[in-house]
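This report refers to the structure that appears directly beneath it.
2 protein chains.
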Amino acid sequence: MNALTAQPIVTVDIVLLTLQENELCAALLQRARPPNEGEWTLPGGFVHIDTDEDALAAATRILRTKAGIDSPYLEQLQTFASRHRDSRGWSVSIAYYALVPAAAASDALKWRPVDSIRSLPFDHRDILRAAVERVRSKTAYSSLPVHLMPPTFTLSELQKVYEALLKTDLDKRGFRRRIEELDVVEPAPAQPTTRGAHRPAQLYRLKRKASNTVAMAERNLSR
Amino acid sequence: MNALTAQPIVTVDIVLLTLQENELCAALLQRARPPNEGEWTLPGGFVHIDTDEDALAAATRILRTKAGIDSPYLEQLQTFASRHRDSRGWSVSIAYYALVPAAAASDALKWRPVDSIRSLPFDHRDILRAAVERVRSKTAYSSLPVHLMPPTFTLSELQKVYEALLKTDLDKRGFRRRIEELDVVEPAPAQPTTRGAHRPAQLYRLKRKASNTVAMAERNLSR
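The listed protein sequences derive, respectively, from chains A and B.
Numbering (this note's numbering) for the first sequence: 1 to 223.
Numbering (this note's numbering) for the second sequence: 1001 to 1223.
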């Protein structure tokens, strides 16, 4: 390669997702500089070739420094690369998506229900749409939504999250059997309860081995 | 952005796959220049920011000019981006995979069974492995393998291809039912046959609407 060959701009953008009141929400961050200064976009930034080992390290750094979030479930989504997506020139966005429990939010972020986001600068709406599609289709076949749950949760709460993502009601017994087959949650140790005299619903937590992975189901969980 | 900020190298690499004697094979191409001159690698090249509209256009151009292949089934695989993968510096490979019928081969290519490829320059073996995994897992749930078929084929031939990719035998009736549900093939018009007095097996072809897509199954086709 000729060292002078013009190269594209390379950025990493992140679709950071959580659930608020059982609605899937994405994090937006206000741009501090041109282009599109002051507008709300997906968190992102340039790859720092001096300090980032790889694209995942860049995504982790951007999430930590710009969104205040450490070690969420983080997975590469797709790369958006074209002459037209950024006014600064031919540019590459290596897009990731991340899932966090509702609690893990930094003040700089604005959470918006994904279905209410009508437009975003650059091609960020396409990136957002691809991430939401990925999460919804993966939800039908996997344990992915457990990464949206707080440290402990009931199976009914988990079912509600699946139902919110799949936009459909699920049969309780079938759902519990499928979750058991996925083998990613376990009963949490009993804790003192203030919920009154009735025996509270069993709380579950993510198994340690499942903390940064996704188990795949043999069949669509919603059927 | 500071215009002088150093940017990574951006390339597109392609895992071009076909079936030969029912074995999944990948195309290798001999490198014409350093680094790794003379070694066999995945077909690839730099993004040309002056002429390529986007990454898919770059992949299409590279397939056409370096492998002599036009309009195969082509899909983005994953992006490999790190400081260590290329001796020329921090580099991004936007990797694609392509499927072609056995016939569509150019002389410059060497086809090798994917299971026999022990090492490749750069991180091309990781890219190859990711593509093979993607094709095998997608085969279990979709119509993807139809893109490996010649213009017409029997359902038995299609089943053999699925079996080769899944490395398992399939039940004939169950397989045919699933293929029918996927709704991507149709009987080919009757053609004069020289196969003798017996009625030949019905030939099928890809439906026009399925020519560059993949239909997803509700369940694992191999169960």
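We put the CB at the ideal spot given by N, CA and C, even for glycine.
Predicted, not measured: the structure shown is a model, and the values here were computed from it.
Among the options, which one has its Cα closest to the Cα of residue i?
i       : options                            : result
N1212/B : V1100/B, Q1202/B, T1018/B          : V1100/B
G225/A  : Y73/A, P121/A, H198/A              : With chain A represented from 1 up to 223, any question about residue 225/A goes unanswered, as that position is not in the structure.
K1110/B : D1123/B, R1205/B, L1019/B, L1029/B : L1029/B
A1131/B : L1016/B, P1008/B, I1009/B, T1051/B : L1016/B
A6/A    : A217/A, I49/A, I62/A, S91/A        : S91/A
R173/A  : D86/A, L24/A, L221/A, Q78/A        : L221/A
T1152/B : I1009/B, R1125/B, P1034/B, Y1204/B : Y1204/B
Q78/A   : R178/A, D86/A, A55/A, K66/A        : A55/A
R64/A   : P150/A, R125/A, D107/A, D126/A     : D107/A
A1102/B : A1201/B, G1089/B, E1023/B, A1059/B : E1023/B
T154/A  : P8/A, P187/A, A98/A, Y97/A         : P187/A
I967/B  : Y1096/B, A1190/B, F1080/B          : In the structure displayed, chain B extends from 1001 to 1223; residue 967/B sits before or after that span and is not available.
L144/A  : T18/A, P8/A, I9/A                  : T18/A
P150/A  : L206/A, A164/A, I117/A, I179/A     : L206/A
A239/A  : K1209/B, R1208/B, S1082/B          : The structure shown has nothing for residue 239/A, since chain A only spans 1 to 223.
In whole angstroms, give me the CA-to-CA distance for residue i and residue j.
i       : j       : result
D70/A   : E1021/B : 49 Å
E1053/B : E1075/B : 16 Å
P1072/B : H1147/B : 8 Å
L1128/B : G1045/B : 16 Å
D1183/B : A1215/B : 8 Å
N36/A   : I49/A   : 24 Å
H1084/B : V1185/B : 44 Å
P1043/B : A1217/B : 31 Å
D1171/B : R1031/B : 44 Å
D1169/B : D1013/B : 33 Å
R1219/B : T139/A  : 14 Å
Q1202/B : V161/A  : 47 Å
D1086/B : E1133/B : 23 Å
R33/A   : K66/A   : 14 Å
P113/A  : S156/A  : 22 Å
R88/A   : T51/A   : 23 Å
A1164/B : C1025/B : 12 Å
A190/A  : R178/A  : 24 Å
R118/A  : R125/A  : 8 Å
Y141/A  : E180/A  : 14 Å
G1068/B : A1027/B : 12 Å
K209/A  : A98/A   : 18 Å
A1057/B : D1115/B : 29 Å
Under the assumption that residue i contacts residue j (Cβ atoms under 8 Å), give the Cβ distance between them as a whole number of angstroms.
i       : j       : result
T1041/B : S1093/B : So it is not a contact: roughly 11 Å between Cβ atoms.
R1136/B : L1166/B : 7 Å
D123/A  : F175/A  : Not really, about 36 Å apart at Cβ, beyond 8 Å.
V47/A   : P1200/B : About 57 Å; that fails the 8 Å criterion.
field: chain B contacts made by the stretch 69–85 of chain A, where a contact means CB separation under 9 Å
entry: Of all residues in the stretch 69–85 of chain A, the ones placed with a Cβ closer than 9 Å to any Cβ belonging to chain B are Q76, Q78, T79, F80, A81, S82, R83, H84, R85, in chain order.
task: For the stretch 1042–1060 of chain B, enumerate the residues whose C-beta is nearer than 7 Å to any C-beta of chain A, in chain order.
output: F1046, V1047, I1049, E1053, D1054, A1055
- prompt: Going along the stretch 1091–1120 of chain B in order, which residues come within less than 8 Å of chain A, judged by CB to CB distance?
  reply: V1092, I1094
- request: Using a Cβ-Cβ cut-off of less than 7 Å, list which residues of the stretch 6–25 of chain A approach chain B; keep chain order.
  value: Shown in chain order are the members of the stretch 6–25 of chain A whose Cβ falls below 7 Å from a Cβ of chain B: A6, Q7, P8, I9, V10.
- prompt: Taking Cβ-Cβ distances below 7 Å as the criterion, which residues of the stretch 1212–1223 of chain B are in contact with chain A?
  reply: Against chain A - using a Cβ distance shorter than 7 Å - the residues of the stretch 1212–1223 of chain B are E1218, R1219, N1220, R1223.
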